[in-house]
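Quick note on numbering: the sequence shown equals residues 1 to 141 in UniProt numbering.
Ideal placement from N, C-alpha and C gives every residue a C-beta, glycine not left out.
Before any comments, here is the structure.
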Amino acid sequence: MEEGDRTGTFTDETWAIWEPLIEEVRPRGKTPPHDLRRTIAAIFWRHENGAKWRSIPAELGPWWQAAQLFIRWAKLGVWERLLALVQEQQGVAFGMTFLDGTNIRAHHKAAGAQKKGPLSKSETIVKHLAALAAAMAQKSA
Numbered sequence: 001m002e003e004g005d006r007t008g009t010f011t012d013e014t015w016a017i018w019e020p021l022i023e024e025v026r027p028r029g030k031t032p033p034h035d036l037r038r039t040i041a042a043i044f045w046r047h048e049n050g051a052k053w054r055s056i057p058a059e060l061g062p063w064w065q066a067a068q069l070f071i072r073w074a075k076l077g078v079w080e081r082l083l084a085l086v087q088e089q090q091g092v093a094f095g096m097t098f099l100d101g102t103n104i105r106a107h108h109k110a111a112g113a114q115k116k117g118p119l120s121k122s123e124t125i126v127k128h129l130a131a132l133a134a135a136m137a138q139k140s141a
């Protein structure tokens, strides 16, 4: 993701790494996703910032498109396959991602209860992938 770009769009170098990995794991449908690069950047931006879907910057496309793709792929297990592939290809382990506690936002009613539903695991995985994308961008800069 571009240095100093608050929207978190992928640089050409970073996208050249991510695109073949995403293409390998994404489901094949009748119509391919529209502007996949921008939509993935929106999903990563949302998970990096802990924002609501509607807070995604307009230059990253419609918020509902990113939310819809994330949910669809979460139900199909695409994010898990992508993380496994990235770890296999790039040699990155879970322990190599460090999070600063000041970036983690929690609702005042959050008391450590287990998240319910099929999306909670995918949300964690996408947070890891977003951190990896940011780390890759810093290395190439």
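Take residue 47, set aside five residues on each side of it, and the residues of its chain with a beta-carbon closer than 6 Å to its own are 126, 127 and 130, in chain order. By the C-beta criterion, the region 18–36 is judged not to be in contact with the region 45–60, since fewer than 3 inter-stretch pairs fall below 8 Å.
Rounded to whole angstroms, the separation of the alpha carbons of residue 66 and residue 17 is 20 Å. For residue 41, same chain residues with a beta-carbon under 6 Å away, outside a window of 5 residues either side, are 8, 9, 10 and 60 in chain order. For residue 35, there is no enclosing alpha helix (DSSP H), as DSSP gives it neither H nor E. For residue 53, there is no enclosing alpha helix (DSSP H), as DSSP marks it with neither H nor E. The Cβ atoms of residue 120 and residue 79 lie no closer than 8 Å to each other.
Across the set 132, 133 and 84, the C-alpha of 84 shows the shortest separation from the C-alpha of residue 25. Contact annotation, residue 39 with residue 69: C-beta distance approximately 5 Å; criterion of less than 8 Å satisfied. For residue 12, same chain residues with a beta-carbon under 6 Å away, outside a window of 5 residues either side, do not exist.
Its chain contains 53, 54 and 56 as the residues whose beta carbon lies nearer than 7 Å to that of residue 63, once the 5 sequence neighbours on both sides are disregarded; these appear in chain order. The three-state reading of DSSP puts residue 121 in helix, counting H, G and I together.
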